[in-house]
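J.: Residues in the sequence shown are numbered from 54 upward in steps of one, following this note's numbering.
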Amino acid sequence: MDVKVYNMQGDPVGTMVIDREALGGEINAALLKQAYVKYHAGRRQGSSKTKNRHEVEGSTKKIYKQKGTGNARHGDRKVNLFKGGGHGHSKKRTREDFRQALPKKMARKANRNALLAKLVDDEVRVIDRIEFKEPGTRAFRGFLSAVKADGTALVALAGDPVRSLTTRRSGRNLGTVTLCRADSLNCFDMLNHKVLVIERDQLEGWLNGPTSQTGKIAKVAPMGRMSDVAEAPAAETKKPAKKSAVKPAGGARESAKSEEAGR
């Protein structure tokens, strides 16, 4: 499929060919749903907590005597029956309670399929190069208007912090814009925003990088691993085995027999 490439003024300057089959061929709604829930659950803070009766600040004195008042038997006022008391079943959550597991290859397929969904809906703006001479929120807003990135926009920038410094400073004050690294694109961020804005070389790097390994090759020869050429060959590093100074037990017995025969 052919995708138009724009400049920062919104004028088309070329096209980019993207293999539809490399992105899954068809939109897999079930896979996108599973990956979306996984990413969403992983972002939960998991700090929900309430106090029980022992953690509520206050006196532990018995409020009235046990018998003779006509009231129910009570101790202090920090029980869950009274206002201001603790919770009967207090929340003690941890972050691990919400995390969900998803195989790496499935997550990569979901991320690429989410990009396909955005391309089918014409919600991707590929820019030849995003660069600002100096930080400016007004200039960044004008850039988004020129490329017709209306609504919420996810702007994927280069991983080099020096190259993307002015762009990050220009767009960080806009409430409808989310800035991220191009090599960390995922389906959760793409589906949560109306338009994806990304540079051409960054998109090509993402498509041809580790995210493209969605089969067995991801486990056999993952990208980014140290080259085997840099490692020293085993034949060169292995030292020849030294001869043992101790003779085997069988040889000792044979030598003893030969001595007795000579006598």
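For each residue, glycine too, the CB sits at the ideal point set by N, CA and C.
Just verifying my parser: in three-state terms, what is the DSSP assignment at Glu252?
T.: In this structure, Glu252 counts as strand in the three-state DSSP scheme.
J.: Would you please state the rounded distance, in angstroms, between the beta carbons of Ala206 and Gln255? I believe it to be under 8 Å.
T.: Not a contact, Cβ separation roughly 15 Å.
J.: On the DSSP letters alone, give me the boundaries of the beta strand (DSSP E) that Val273 sits inside.
T.: Not the beta strand (DSSP E): Val273 falls in the alpha helix (DSSP H), residues 270-273.
J.: Thinking Gln153 and Val90 are a contact (beta carbons under 8 Å), I'd like their distance in whole angstroms, please.
T.: 7 Å between Cβ atoms; contact.
J.: If you follow the alpha helix (DSSP H) that Val70 is in, where does it begin and where does it stop?
T.: It is not in any alpha helix (DSSP H) - Val70 instead sits in the beta strand (DSSP E) that spans 65-70.
J.: Whose C-beta lies closer than 6 Å to the C-beta of Val66 among residues of the same chain, with five residues either side of it excluded?
T.: Result list for Val66: Val58, Asn60, Asp181, in chain order.
J.: Which residues in the same chain have their Cβ closer than 7 Å to the Cβ of Thr103, if we skip the five residues on either side of it in sequence?
T.: Closer than 7 Å at Cβ, skipping near neighbours: His140, Ser143, Lys144.
J.: Ile116 and Arg126 look like a contact to me (Cβ under 8 Å); what is the Cβ gap, rounded to whole Å?
T.: With 8 Å as the limit, Ile116 and Arg126 do not qualify as a contact, their Cβ atoms being about 10 Å apart.
J.: Classify Met276 as buried or exposed, calling it buried when 16 or more other Cβ atoms lie within 10 Å of its own Cβ.
T.: Flag for Met276 reads exposed.
J.: Who does Tyr59 pair with in a DSSP beta bridge?
T.: DSSP output for Tyr59 lists Pro65, Ile180 as bridge partner(s).
J.: Taking the DSSP output, what are the residues bridged to Val230?
T.: The partner list for Val230 (beta bridge, DSSP) reads Ala206.
J.: Which runs of the alpha helix (DSSP H), 4 residues or longer, sit entirely within the segment 139-183?
T.: Correct list: 157-173.
J.: Can you tell me which of the three DSSP states Lys102 falls into?
T.: Lys102: strand per DSSP, three-state reduction.
J.: Can you find the residues in the same chain that come closer than 8 Å, C-beta to C-beta, to His93, ignoring five residues on each side of it along the sequence?
T.: Result list for His93: Phe241, in chain order.
J.: Let's see if you can read the secondary structure: which residues bound the alpha helix (DSSP H) around Met276?
T.: Note, Met276: premise wrong, no alpha helix (DSSP H); not H, not E.
J.: Starting from the C-beta of Lys345, find all residues in its chain whose C-beta is less than 8 Å away, skip the five residues before and the five after it, and write them out in chain order.
T.: Residue 345 is absent from the model: the chain starts at 54 and stops at 316.
J.: Going straight from the alpha carbon of Leu85 to that of Ala167, what length do you get?
T.: Distance between the alpha carbons of Leu85 and Ala167 is about 7 Å.
J.: Find out if the Cβ-Cβ distance for the pair Thr264, Arg178 is shorter than 8 Å.
T.: Contact: no.
J.: Arg73 and Leu169: beta carbons closer than 8 Å?
T.: Contact flag set, yes.
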